[in-house]
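Report on one structure; see the data block that follows.
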Amino acid sequence: MKVLIIIDAQNDFMPGGSLAVPQGNKIIPVINQILPQFELVIATQDWHPENHISLAKNHLGKNEFESIQVEGIKQTLWPAHCIQNTSGADFHKDLQTEKIEAIFRKGTHPMIDSYSGFYDNAHLKSTGLAGYLREKQATELYFCGLAADICVSFTVKDALKEGFVSYLIEDATKALNEEDFAQAKRDIQALGGKIVNSAKV
Ligand code: VGL
Ligand code: ZN
Numbered sequence: 001m002k003v004l005i006i007i008d009a010q011n012d013f014m015p016g017g018s019l020a021v022p023q024g025n026k027i028i029p030v031i032n033q034i035l036p037q038f039e040l041v042i043a044t045q046d047w048h049p050e051n052h053i054s055l056a057k058n059h060l061g062k063n064e065f066e067s068i069q070v071e072g073i074k075q076t077l078w079p080a081h082c083i084q085n086t087s088g089a090d091f092h093k094d095l096q097t098e099k100i101e102a103i104f105r106k107g108t109h110p111m112i113d114s115y116s117g118f119y120d121n122a123h124l125k126s127t128g129l130a131g132y133l134r135e136k137q138a139t140e141l142y143f144c145g146l147a148a149d150i151c152v153s154f155t156v157k158d159a160l161k162e163g164f165v166s167y168l169i170e171d172a173t174k175a176l177n178e179e180d181f182a183q184a185k186r187d188i189q190a191l192g193g194k195i196v197n198s199a200k201v
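The sequence shown: position 191 = 191 (the UniProt record's numbering), numbered continuously.
As structure tokens, this is what we get:
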């Protein structure tokens, strides 16, 4: 079964949002157009409490986009974004959400950040997404959303490691950093993932 997984298509990652991805809004019509071709559509939401460890404002003397070490792993400090129950955490208003059957939220624990829809960054806490997809007998996963170089590529890499046939829809994602995205695409291909265009899904 073909599944579409929409990663973090939330206002704070759109132009005007607190952690805006350039041209992030351009993916919305592309996603809406391909939605009918999928039997199952699910989404993720970055969903942080105010005191979340990934927010620069919670670290005295640290600036946005600086990084720190948390229990031996790199934690980038971001502007406040996707705070639970704020409009910044809502899906883009034009995203057709009717077909979204399940929403997996991540980054909900104050001390744990999660770029991937499957696991937190230290791979300690599962969101349950892999088990859900197996129970639904998902065979092919198609990924889109924001940001290409961060949450989307972390999710695709975890999907491949979980053994799912995985495709990244390149024109339905946008990156914060193009160089990081170029590297992420190479990593995805090295793991057996495919980069495709929305015309080919
Ligand atoms: C994301 C940075 C911090 C993303 C989430 O959705 O790509 N990026 N939190
Ligand atoms: Zn976040």
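Even for Gly, the Cβ is constructed at its ideal location relative to N, Cα and C.
- DSSP, read as helix, strand or coil, puts tyrosine 115 in coil.
- When secondary structure is reduced to three states using DSSP, isoleucine 28 falls in the helix class.
- Exclusion of the five residues before and after serine 166 leaves Leu141, Phe143, Val156, Ala159, Leu160, Gly193 as the residues of its chain whose Cβ lies within less than 7 Å of its Cβ.
- The closest heavy atom of the ligand VGL lies less than 7 Å from the beta carbon of phenylalanine 13.
- With a beta-carbon spacing of about 7 Å, valine 3 and leucine 133 fall inside the 8 Å limit used to define contacts.
- Listed in chain order, the non-local C-beta contacts of tryptophan 47 below 7 Å within the same chain comprise Cys82, Gln84, Ala89, Arg105, Lys106, Gly107, Thr108, local neighbours out to five positions each way being set aside.
- With a cut-off of 8 Å on Cβ pairs, the segment 64–73 is not in contact with the segment 33–41, counting fewer than three such pairs.
- Annotated as proximal: glycine 145 and isoleucine 7, with beta-carbon spacing under 8 Å.
- Here the alpha carbons of lysine 26 and valine 152 stand approximately 16 Å from one another.
- At a cut-off of 3 residues, the continuous stretches assigned as beta strand (DSSP E) that sit fully inside the segment 109–164 are 140–145.
- Under the criterion of beta carbons closer than 8 Å, isoleucine 195 and glutamate 170 qualify as touching, at roughly 5 Å.
- Sequence-distant Cβ neighbours of serine 198 in its own chain, meaning closer than 6 Å and more than five residues away, are Val30, Ile34, Ile169, Asp171, Ala172.
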